[in-house]
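A.B. asks:
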Amino acid sequence: MVSHLAGKNSILRAMPVDVVANAYRISREEARSLKNNRGEELGAFTPRFQQQRYPGFSNESESENAE
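Position 1 of the sequence shown, counting from 1, maps to 234 under our numbering, and the rest follow consecutively.
#1: Measure the alpha-carbon distance for R258 versus I244 and round it to whole angstroms.
#2: Just the Cα atoms here: how many angstroms apart are A264 and A254?
#3: Going by beta carbon distance, what residues of the same chain come within less than 8 angstroms of D251, once the five residues before and after it are set aside?
#4: If you drop the 5 nearest sequence neighbours on each side, which residues of the same chain put their C-beta closer than 7 angstroms to that of P249?
#5: Helix, strand or coil: how does DSSP classify I259 here?
Next comes the structure, spelled out in structure tokens:
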């Protein structure tokens with residue numbers, strides 16, 4: 234899953250400066266800085282999904298495939 238809140242294809246970058254300024258209650262200069270200075274953060278908010286295996290526990294489909 235990729236989040237489009239940050240990075241080159243971000244939602245913030247697509248919004249007009251006035252909308253960002255009003256939404257976050259910041260000045261237009263701060264909003265412009267927020268929009269344009271977010272560089273390479275494309276993967277900053279993506280969750281990591283990792284499957285864990287525990288010894289002693291097996292998946293029924295794995296035991297069926299082993300036979």
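All C-beta atoms, glycine included, are put in the ideal place defined by N, C-alpha and C. All of these numbers come straight from a predicted model, not from anything done at the bench.
C.D. replies: So, from the data block:
#1: Here residue 258 is taken as the residue at index 25 of the sequence shown, counted from 1. Here residue 244 is taken as the residue at index 11 of the sequence shown, counted from 1. Roughly 17 angstroms separates the two Cα atoms.
#2: For this step, residue 264 is matched to residue 31 along the sequence shown. For this step, residue 254 is matched to residue 21 along the sequence shown. Spanning the two alpha carbons is a distance of roughly 5 angstroms.
#3: Here residue 251 refers to the residue found at position 18 when the sequence shown is read from its first residue. Hits under 8 angstroms: R261, A264.
#4: What you label residue 249 is simply residue 16 of the sequence shown in a count that begins at 1. Excluding sequence neighbours, P249 sits near nothing in its chain.
#5: Along the sequence shown, one-based indexing puts residue 259 at 26. Correct three-state label for I259: coil.
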